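Some notes on the structure that comes next.
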Amino acid sequence: MDKSVARLNIEHYQKLLKTDLDETKRRTILRLLSEEEATLARLNSAAKTELTKTPPTKPTATKPTATKPTATKTDAIETDTAETDASKIDAGKDAS
1 MDKSVARLNI
11 EHYQKLLKTD
21 LDETKRRTIL
31 RLLSEEEATL
41 ARLNSAAKTE
51 LTKTPPTKPT
61 ATKPTATKPT
71 ATKTDAIETD
81 TAETDASKID
91 AGKDAS
């Protein structure tokens, strides 16, 4: 329910209570007034809660960081093969 509707209902019930009513109608209007006041209090409380909530944080853009390439198994195998080939070439020079 909207707060303005609750306020209007409260005003209406208060005006009715100022008129000449039998006891049954008076009790009914008092009950309705009490319910409407509770509704308005709940709506006001919910509005205050919404105001005090922290706003959601937006993720900030981060700059990409430069990373060093990491050696893989394939890199190690290629390095070992290259070293072995170089050793064979050097060994061949020594033999001549």
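The opening residue of the sequence shown carries number 1 in full-length UniProt numbering; numbering runs sequentially from there. For every residue, glycine included, the Cβ atom is placed at its ideal position computed from N, Cα and C. Bear in mind that the values here come from a model prediction, so they are computed numbers and not experimental data.
Contact between the region 43–52 and the region 9–18 is absent, with fewer than three C-beta pairs closer than 8 Å. Rounded to the nearest angstrom, the Cβ distance from Leu-32 to Lys-3 is 17 Å, too far for a contact under 8 Å. In the three-state DSSP reduction, Lys-18 falls in the coil class, being neither helix nor strand. By the 16-neighbour rule on beta-carbons within 10 angstroms, Glu-36 is buried. The three-state secondary structure of Thr-62, taken from DSSP, is coil.
Setting aside the 5 residues that flank it on each side, Ile-10 is surrounded in the same chain by Leu-33, Glu-36, Glu-37 and Leu-40, each with a C-beta closer than 7 Å to its C-beta; the list follows chain order.
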